Each structure stands twice: as C-alpha cells, then as structure tokens.
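*Asks:* Questions regarding the structure given below will be posed in turn.
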Amino acid sequence: MMKLNKNVIEYVKKELAHDVTGHDFYHAERVAKRAARLYREETKEAPNAEGEMIVGLASYLHDVIDEKVVEDTKENSRKITELLKEEGLSTPQIDDIFYIMEHMSYSKNLDKKCKLSIAGQCVQDADRLDALGAIGIARAFSYGGSHNRKIYDPTEEKSKNETYESYRNQTSSSVAHFYDKLLGLADTMNTRSGKKLAVKKTEFMTSYLAQFMAEWDGD
Ligand code: ADP
Ligand code: NI
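Just so we're aligned, residue 1 is where the sequence shown starts under the UniProt record's numbering, counting upward by one.
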C-alpha cells in the first residue's frame with residue numbers, strides 16, 4: 001500500500017480513538033487496505049498513482065466527517081482540508097476526496113443514486129465489505145448495543161426500510177438490521193472482485209443467522 005503521511009494517520013487515530021460503534025481506527029485501516037486492493041484490481045491495465053492516493057486518504061478519513069461518529073463534522077472538514085493542503089494536495093484533489101466521503105454512505109444513496117469515480121466506488125465497496133462477514137456481524141451488534149437496540153426481537157417484522165427517514169428512525173433490533181440492510185449489500189457492490197467477496201461474506205452471515213435462529217428456538 002502507498003505511504004500515507006503520518007500526520008493524517010495520527011489525526012484519524014485521535015478522532016476515532018474512543019469509538020465503540022464499529023467505526024474505530026481499525027475499521028478505517030481495513031477499509032483503506034481493502035479499497036487499495038480493489039482499486040489496483042480495477043486499474044490493472046493503467047495503474048494510477050494519484051487515484052491510489054485519493055483512495056487511501058478518502059478511506060482513512062471517511063468516518064471522521066460522519067455525524068454518527070464524530071461531534072463536529074464542520075470543524076473536522078476544516079482540519080482535514082488544512083492537513084491535506086499541508087500534504088501538498090491540490091484543490092481539485094481535495095475536492096475529489098470530499099466528494100467521495102460525502103457521497104459514499106448507504107443512507108445517502110437510498111434516496112438518490114450518486115455517481116462515484118472508480119476511486120470512490122472502491123472506497124464505497126470496501127466500506128460495505130467491512131459491514132459483512134465475521135467483522136460485519138461484530139460491528140452490527142456493537143453499533144446496535146451502543147444505540148440501545150436489542151439483539152433480536154422475534155415479534156418484529158423482517159421488513160425492508162426503503163427511505164432514508166425510515167432507515168434512520170427505525171428502532172428495530174440488530175438482527176433486523178441484517179435483513180433491512182446487510183443481506184442486501186452484496187447486490188449494491190460496484191466492482192467485480194468486491195461483489196465476489198461480498199457474496200461469500202453474505203453466505204457466511206446467512207449460515208450464522210440459521211444457527212442463531214436454531215439456538216433461539218432451543219436447539
Ligand atoms: P453508512 O454510513 O454507509 O450508512 P452505517 O454507518 O449506518 O453505514 O453502518 C456502519 C456500521 O454500523 C455497519 O457495520 C452497520 O451494520 C452498523 N449499523 C448501522 N445501523 C445499524 C443498526 N440499526 N443496527 C445494527 N447495526 C447497524
Ligand atoms: Ni465506514
């Protein structure tokens with residue numbers, strides 16, 4: 001993976017240090033690693049060093065401007081711009097990074113589909129992949145617990161929330177979140193290799209849920 005400036009990494013570490021909702025520094029690091037691999041795969045024919053840098057920075061920084069994760073997104077945006085300028089990035093490069101971070105989230109894509117660059121598509125896929133598989137399961141329960149959600153409620157409907165508002169305002173359990181969002185993520189992947197991996201991780205989650213339900217029923 002490309003070398004990123006220590007100041008950026010240290011800044012992300014500091015901002016995400018106290019997160020217990022699954023958006024900690026190690027999430028940012030996993031997204032950066034996975035996104036770099038996806039991007040290299042996508043640009044095999046024409047490697048693009050500038051694109052790799054944008055992928056790395058957008059990945060590390062993406063949750064530092066998410067209002068679910070940090071308190072002052074405006075101040076953080078200002079600080080990020082300052083850091084990236086110090087890094088020697090041009091205004092268009094900084095704009096590219098912010099465009100990715102501001103348009104990659106699941107919720108922002110529910111109501112209107114945003115067109116992302118190849119770099120952005122890789123970061124988005126990597127972020128979605130981290131919501132799947134064994135780590136995705138851990139993150140869902142961690143997020144749910146932090147937001148006072150039950151593990152599971154057998155009386156609730158396994159419904160699909162279709163709009164941003166209903167998605168955000170839902171008070172359902174963490175297991176319901178698997179059905180509402182996570183099991184459908186594989187269908188939303190941008191890249192071929194991302195999709196392949198997402199399908200594999202989703203299969204693991206499906207078998208996890210089968211075991212979960214069997215245990216719930218006393219098996
Ligand atoms: P995005 O920012 O792309 O909309 P989120 O920040 O909502 O995605 O999701 C990040 C992580 O938090 C994921 O692992 C996801 O499963 C988890 N998460 C989000 N909402 C819930 C929820 N209602 N219940 C359980 N986990 C959730
Ligand atoms: Ni994320």
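Ideal Cβ positions, reconstructed from N, Cα and C, are used throughout, including at glycine. From a predicted model like this one, the values you see are computed outputs, not experimental measurements.
Taking just the CA atoms, how far does Glu50 sit from Lys181?
*Replies:* Working through the sequence shown from its first residue, we reach residue 181 at position 181. Working through the sequence shown from its first residue, we reach residue 50 at position 50. Cα to Cα, Lys181 sits roughly 33 Å from Glu50.
*Asks:* Taking the alpha carbon of Ala138 as the reference point, which residue from Ser174, Tyr60, Tyr39 and Val12 has its own alpha carbon closest?
*Replies:* Within the sequence shown, numbered from 1, the residue matching residue 138 stands at position 138. The shortest C-alpha separation from Ala138 is found at Ser174.
*Asks:* What's the call for Met1, buried or exposed, on a 16-neighbour Cβ count within 10 Å?
*Replies:* The sequence position of residue 1 within the sequence shown is 1, counting from 1. Model confidence at Met1 stands at a pLDDT of 46, short of 50, so the residue's coordinates are unreliable and nothing is read from them.
*Asks:* Suppose the cutoff is 7 Å on Cβ atoms and the five residues either side in sequence are ignored; what does the same chain contact list for Ser193 look like?
*Replies:* For the purposes of this step, residue 193 is taken as the residue at position 193 of the sequence shown. Contacts found: Leu38 and Glu41.
*Asks:* Taking 7 Å as the limit between beta carbons, can you name the residues of its chain near Ala126, skipping five residues before and five after?
*Replies:* Numbered from its first residue, the sequence shown carries residue 126 at position 126. Closer than 7 Å at the Cβ level, and outside the excluded window around Ala126, lie Val31, Arg34, Ala35, Leu38 and Ser59.
*Asks:* Mind checking Ser172: buried by the 16 CB within 10 Å criterion, or exposed?
*Replies:* In the sequence shown, counting from the first residue as 1, residue 172 sits at position 172. Counting Cβ neighbours within 10 Å, Ser172 comes out buried, since at least 16 surround it.
*Asks:* Relative to the ligand ADP, is the shortest distance from any of its heavy atoms to the C-beta of Arg139 smaller than 6 Å?
*Replies:* By 1-based counting over the sequence shown, the position of residue 139 is 139. Yes; taking the cut-off as 6 Å, the Cβ of Arg139 has a heavy atom of the ligand ADP nearer than that.
*Asks:* With DSSP as the reference, label Asp19 as helix, strand or coil.
*Replies:* Position 19 of the sequence shown, counted from the first residue, corresponds to residue 19. Here Asp19 sits in coil by DSSP.
*Asks:* Express the C-alpha separation of Leu185 and Tyr99 in angstroms, rounding to a whole number.
*Replies:* Taking the sequence shown and counting its residues from 1, one reaches residue 99 at position 99. Taking the sequence shown and counting its residues from 1, one reaches residue 185 at position 185. Near 21 Å, if we compare the C-alpha coordinates of Leu185 and Tyr99.
*Asks:* For Leu116, which of His177, Asp95 and Leu132 has the nearest alpha-carbon?
*Replies:* Residue numbering aside, residue 116 sits at position 116 when the sequence shown is read from its first letter. For Leu116, the nearest C-alpha among the options comes from Asp95.
*Asks:* With DSSP collapsed to three states, give me the class of Cys114.
*Replies:* On the sequence shown, position 114 is the one that residue 114 refers to. Three-state DSSP puts Cys114 in coil, outside helix and strand.
*Asks:* Buried or exposed: which applies to Glu215, given that a residue is buried once 16 or more other Cβ atoms fall within 10 Å of its Cβ?
*Replies:* Numbered from its first residue, the sequence shown carries residue 215 at position 215. Under this definition Glu215 is an exposed residue.
*Asks:* Using three-state DSSP, classify Ile9 as helix, strand or coil.
*Replies:* Here residue 9 corresponds to residue number 9 of the sequence shown, with the count starting at 1. Three-state DSSP puts Ile9 in a helix.
*Asks:* Could you give the DSSP three-state label for Tyr152: helix, strand or coil?
*Replies:* The sequence position of residue 152 within the sequence shown is 152, counting from 1. The answer is coil: DSSP assigns Tyr152 none of H, G, I, E or B.
*Asks:* Can you tell me which residues fall inside 5 Å of the ligand NI, judged by beta-carbon distance to its nearest heavy atom, and keep chain order?
*Replies:* Going by the Cβ distance cut-off, the answer is Asp63 and Asp127.
*Asks:* Quick check on the burial criterion: 16 or more other C-beta atoms within 10 angstroms. Buried or exposed for Arg78?
*Replies:* For this step, residue 78 is matched to residue 78 along the sequence shown. Its Cβ having fewer than 16 others within 10 Å, Arg78 is exposed.
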